[in-house]
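Visitor: First the structure, then my questions, so here it is.
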């Protein structure tokens with residue numbers, strides 16, 4: 002009897018879970034015979050994801066604009082790692098959705114390896130307005146061998162946030178100018194009974210790898226060269242080992258217990274709840290600071306923003322939307338229109354004002370409305386403009402199989418089962434499999 006009750010209870014919990022998070026999806030597929038081309042679009046930008054409202058708005062506008070011709074039907078895939086895993090499975094079968102968002106996971110090279118990406122070059126060249134949105138760095142991010150295969154909507158200027166109230170409690174006046182000073186601040190916070198950093202290890206360890214990459218880029222010329230390399234193979238270098246030693250120290254001494262095995266959501270919650278003083282992340286998180294469903298009403302007033310020590314900031318467009326090859330040319334045509342719509346100046350402007358997102362194109366203005374709504378964004382952009390060193394982030398440039406490896410090996414680095422050299426060797430060994 003208890004087993005049956007447990008089974009019914011478990012079923013109820015599962016149903017609730019399915020209807021929460023990203024939300025249960027009703028069937029919005031047009032009836033057969035209507036002539037409408039349906040674009041089934043899986044995305045992790047749903048539910049509590051900060052970009053979800055922007056994506057939902059763009060889908061609604063696209064479906065209205067192309068009513069009777071094209072229609073996007075959204076498929077919620079909660080969690081970045083779940084999304085990447087889904088795309089990898091579909092790559093194996095060759096049955097990809099018409100549009101993929103490359104995000105920070107370098108999915109483009111995986112799709113190209115299977116010869117399943119549509120060359121967008123002729124479409125971009127034929128549309129002067131679309132072409133004008135591509136900066137030189139955006140072309141590098143989204144092109145291979147002189148051909149354009151993706152289109153970006155958002156930039157990736159990333160620093161870190163800190164809790165001014167917790168800093169003040171520990172007697173810290175301002176963000177650190179050097180890495181030595183940052184680690185001294187961590188010691189000061191720890192001595193005051195305050196957890197210095199919100200970190201993670203699961204789902205590619207987004208927050209933690211931001212610190213690792215920033216330290217690597219500023220340790221010397223070879224470290225910077227590594228960070229500027231697409232799909233690097235050798236992580237077993239003095240620069241990477243040195244910065245991995247510091248990551249080990251952060252994980253062992255300066256973060257929360259749930260960071261080990263924890264996802265980004267754990268790190269974000271620890272910062273938003275005031276349980277940790279610092280978190281590395283991009284401006285897209287700014288909207289969370291005033292979201293009373295996630296934190297207190299006055300939390301936004303407590304948050305400061307900084308670039309990394311030694312004048313470093315991440316600065317590169319995020320890999321954009323990819324159109325995949327389909328048997329139906331009308332579906333490919335619809336997918337191209339969707340990507341053009343989702344990366345238009347209007348879409349980028351929408352992201353700025355709804356989310357505080359940095360646009361991919363420098364020609365898209367950060368409006369006064371956005372600056373008034375997100376003053377922290379304006380402050381960060383001002384500081385970022387003074388950075389002396391910048392690169393793309395590690396996650397965007399590493400081979401995709403390393404996203405899982407870093408999550409597997411960071412807990413071993415934390416426990417001491419691996420030292421920094423062993424951790425870097427594990428990354429190198431995994432890179433060699435590509």
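Numbering (our numbering), first residue to last: 2 to 435. Where a beta carbon is used, it is the ideal one built from N, C-alpha and C, also for glycine. This one's a predicted model, so the numbers in the text were calculated from it and none came from an experiment.
Excluding the five sequence neighbours on either side, which residues of its own chain have a C-beta within less than 7 Å of the C-beta of residue 217, listed in chain order?
Guide: Position 216 of the chain shown, counted from the first residue, corresponds to residue 217. Correct list, in chain order: 224, 227, 228, 240, 241 and 244.
Visitor: Could you pull the start and end residues of the alpha helix (DSSP H) that residue 184 belongs to?
Guide: Counting from one through the chain shown, the residue named residue 184 turns up at place 183. Per DSSP, residue 184 belongs to the alpha helix (DSSP H) from 180-192.
Visitor: Is it buried or exposed for residue 393, if we count other Cβ within 10 angstroms and need 16 for buried?
Guide: As a working note, residue 393 is residue 392 in the chain shown. Classification for residue 393: buried.
Visitor: Grab the span of the beta strand (DSSP E) containing residue 280 for me, first residue to last.
Guide: As a position in the chain shown, residue 280 is number 279, starting the count at 1. Where residue 280 is concerned, the enclosing beta strand (DSSP E) starts and stops at 279-282.
Visitor: May I ask you to report which of helix, strand or coil DSSP gives residue 77?
Guide: On the chain shown, position 76 is the one that residue 77 refers to. Three-state result, residue 77: strand.
Visitor: Quick check: what's the CA-CA separation for residue 163 versus residue 305?
Guide: The residue given as residue 163 occupies position 162 in the chain shown. The residue given as residue 305 occupies position 304 in the chain shown. Take the alpha-carbon of residue 163 and the one of residue 305: they are about 5 Å apart.
Visitor: If residue 210 and residue 315 are in contact, beta carbons under 8 Å, what's the gap, nearest whole angstrom?
Guide: Numbered from its first residue, the chain shown carries residue 210 at position 209. Numbered from its first residue, the chain shown carries residue 315 at position 314. Wrong, their Cβ atoms sit about 11 Å apart, outside the cutoff.
Visitor: Could you compute how far the alpha carbon of residue 122 sits from the alpha carbon of residue 73?
Guide: Taking the chain shown and counting its residues from 1, the one referred to as residue 122 is at position 121. Taking the chain shown and counting its residues from 1, the one referred to as residue 73 is at position 72. Approximately 23 Å, taken between the alpha carbons.
Visitor: Check residue 58 in the structure and name its three-state DSSP category.
Guide: Stepping through the chain shown from its first residue, residue 58 is reached at position 57. Helix, per DSSP.
Visitor: What three-state label does DSSP hand residue 234 in the structure shown?
Guide: Locating residue 234 in the chain shown gives position 233, where the first residue counts as 1. Here residue 234 sits in coil by DSSP.
Visitor: In angstroms, rounded to a whole number, what distance separates the CA positions of residue 402 and residue 189?
Guide: Residue mapping note: residue 402 aligns to position 401 of the chain shown, counting from 1. Residue mapping note: residue 189 aligns to position 188 of the chain shown, counting from 1. Each residue's Cα considered, the two are about 37 Å apart.
Visitor: Rank 155, 137, 156 and 154 by C-alpha distance to the C-alpha of residue 147 and give the top, closest one.
Guide: The residue you call residue 147 lines up with position 146 of the chain shown. The candidate whose alpha carbon is nearest that of residue 147 is 137.
Visitor: Using the Cα positions of residue 128 and residue 343, report the straight-line distance between them to the nearest angstrom.
Guide: As a first step, residue 128 is located in the chain shown; it is residue number 127 there, counting from the start. As a first step, residue 343 is located in the chain shown; it is residue number 342 there, counting from the start. Spanning the two alpha carbons is a distance of roughly 15 Å.
Visitor: Return helix, strand or coil for residue 313, following the three-state DSSP convention.
Guide: Numbered from 1 along the chain shown, position 312 holds the residue referred to as residue 313. Three-state result, residue 313: strand.
Visitor: Excluding sequence positions up to five away, which residues of its chain have a Cβ less than 6 Å from the Cβ of residue 433?
Guide: As a working mapping, residue 433 is identified with position 432 in the chain shown. Closer than 6 Å at the Cβ level, and outside the excluded window around residue 433, lies no residue.
Visitor: May I have the straight-line CA-CA distance separating residue 237 from residue 279, to the nearest angstrom?
Guide: By one-based count along the chain shown, residue 237 stands at place 236. By one-based count along the chain shown, residue 279 stands at place 278. The straight-line gap from Cα to Cα measures roughly 28 Å.
Visitor: What first and last residue would you give for the beta strand (DSSP E) that runs through residue 321?
Guide: Numbered from its first residue, the chain shown carries residue 321 at position 320. From DSSP, the beta strand (DSSP E) with residue 321 extends over 320-324.
Visitor: Three-state secondary structure (DSSP) at residue 3?
Guide: Your numbering for residue 3 matches position 2 in the chain shown. Residue placement at residue 3 is flagged as unreliable, the pLDDT there being 31, under the threshold of 50; a coordinate-derived value is accordingly withheld.
Visitor: Tell me, to the nearest whole angstrom, how far the beta carbon of residue 284 is from that of residue 390; I am working on the premise that it is less than 8 Å.
Guide: Residue mapping note: residue 284 aligns to position 283 of the chain shown, counting from 1. Residue mapping note: residue 390 aligns to position 389 of the chain shown, counting from 1. Contact doesn't hold; Cβ gap of about 19 Å is too wide.
Visitor: Since residue 153 and residue 320 are thought to touch, with beta carbons under 8 Å apart, how far apart are those beta carbons, to the nearest angstrom?
Guide: Reading the chain shown from its first residue, position 152 is the one you call residue 153. Reading the chain shown from its first residue, position 319 is the one you call residue 320. With a Cβ gap of about 7 Å, residue 153 and residue 320 count as contacting.
Visitor: So, are the CB atoms of residue 118 and residue 150 less than 8 Å apart?
Guide: To locate residue 118, count along the chain shown from 1; it is residue 117. To locate residue 150, count along the chain shown from 1; it is residue 149. Contact: yes.
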